[in-house]
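To convert, count from 1 in the sequence shown and add 267; that's our numbering. Note that the Cβ used here is the ideal one computed from N, Cα and C, for glycine as well. Please read these numbers as outputs of a predicted model, since none were measured by experiment.
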Amino acid sequence: MSTSEHKPDVGCLKVSSKSSPASVAGAIAGMVKDGVSVEIQAVGAGAVNQAVKAIAISRGFLSPIGIEIACVPSFADIVIDGEYRTAIRFTVDPRYTRGVAQPLGDDPHRTAPETH
């Protein structure tokens with residue numbers, strides 16, 4: 268079990284039980300299209316459920332354009348209102364299929380040559 272104690276970075280999406288999975292999925296897909304790994308943080312069963320649904324929906328957005336995703340779950344110790352809580356953190360990384368150009372660096376419009 269891997270634990271870490273830090274506040275979410277700018278690229279980290281916090282998901283609650285009231286989050287819209289479709290909205291979170293759109294954010295995930297947008298970042299993944301830009302070649303960015305996404306961290307999704309959820310505390311509680313309802314929030315984890317919404318996060319997992321969002322990841323599945325985002326795969327539905329990305330798969331038809333040749334981008335698959337890999338998701339790695341981990342535990343994170345966080346502080347909310349002075350209390351320690353255990354969050355589930357999902358790291359979502361793009362996996363490019365053959366024939367899909369990968370973004371290079373910070374410019375999502377600059378791509379690596381396609382591999383055949």
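Which residues bound the beta strand (DSSP E) around residue i?
i: Lys320; result: Looking at the DSSP string, Lys320 is not in any beta strand (DSSP E); the run it does join, the alpha helix (DSSP H), is 312 to 329.
i: Lys281; result: 279 to 282
i: Thr358; result: 350 to 363
i: Val447; result: This structure does not reach residue 447, given that the chain is present from 268 up to 383, and the question cannot be answered.
Residue j and residue i - do their beta-carbons sit closer together than 8 Å?
i: Cys279; j: Gln308; result: yes
i: Arg356; j: Ser341; result: yes
i: Thr353; j: Ser304; result: no
i: Ala314; j: Ser284; result: yes
i: Leu329; j: Ala289; result: no
i: Ala321; j: Val291; result: yes
Once DSSP output is grouped into helix, strand and coil, what is the label at residue i?
i: Ser341; result: strand
How should residue i be labelled, buried or exposed, when 16 other C-beta atoms within 10 angstroms of its C-beta is the threshold for buried?
i: Gly333; result: exposed
i: Ile336; result: buried
i: Gly327; result: exposed
What are the boundary residues of the alpha helix (DSSP H) that includes residue i?
i: Ile295; result: 288 to 300
Please name the residue or residues paired with residue i in a DSSP beta bridge.
i: Val346; result: Tyr351
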